[in-house]
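S.K.: In this note's numbering, the protein residues as written are 38 to 153.
Here it is: the structure, laid out below.
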């Protein structure tokens, strides 16, 4: 049996943009993507700390070291620029694999950049 577990998390990052007139997705700074082990096209859950909204979308690569966190398309209605969110990627693995698996957790600074 496979179970779904947290594989990647960008914790408490600020939304820098919300673009309603876009096909959809979340644009994430490439450096944050790499640090959290997320890839372009991957399905993620977005949890908005400010208003309690939860949604699923997919990742688009943003400019490296830009601090970009942009909700696009319909997801733009679920956030406001400046909202603090958590971005979570999940993976499937066996129970035994999950017991020793360590997720990639990232805790960015106030400007949505990696902390050196």
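Yeah, the Cβ is synthetic: ideal placement off N, Cα and C, and Gly gets one too.
Thinking just about the alpha-carbon of each residue, which of 81, 44, 65, 144 is nearest to the one in residue 107?
M.R.: Of the listed residues, the one whose Cα sits closest to residue 107 is 65.
S.K.: For residue 118, count the other beta carbons within 10 Å of its own beta carbon; 16 or more makes it buried, fewer makes it exposed. Which is it?
M.R.: That one is exposed.
S.K.: Is the beta carbon of residue 90 closer than 9 Å to that of residue 83?
M.R.: Cβ distance < 9 Å, so residue 83 and residue 90 count as in contact.
S.K.: Drop a sphere of 10 angstroms on the beta-carbon of residue 210, count the other beta-carbons inside from all chains shown, and report buried for 16 or more, exposed for fewer.
M.R.: Limits of the chain in this structure are 38 at one end and 153 at the other, which puts residue 210 out of reach.
S.K.: Do the CB positions of residue 123 and residue 51 come within less than 9 Å of each other?
M.R.: It is not a contact, given that the beta carbons lie outside the stated cut-off.
S.K.: Under DSSP, the alpha helix (DSSP H) around residue 67 begins and ends at which residues?
M.R.: Counting along the chain, the alpha helix (DSSP H) containing residue 67 begins and ends at 67–73.
S.K.: In the structure shown, what three-state DSSP assignment does residue 45 receive?
M.R.: Strand.
S.K.: With 16 other CB atoms within 10 Å as the buried threshold, where does residue 153 fall?
M.R.: When all chains shown are included, residue 153 counts as exposed.
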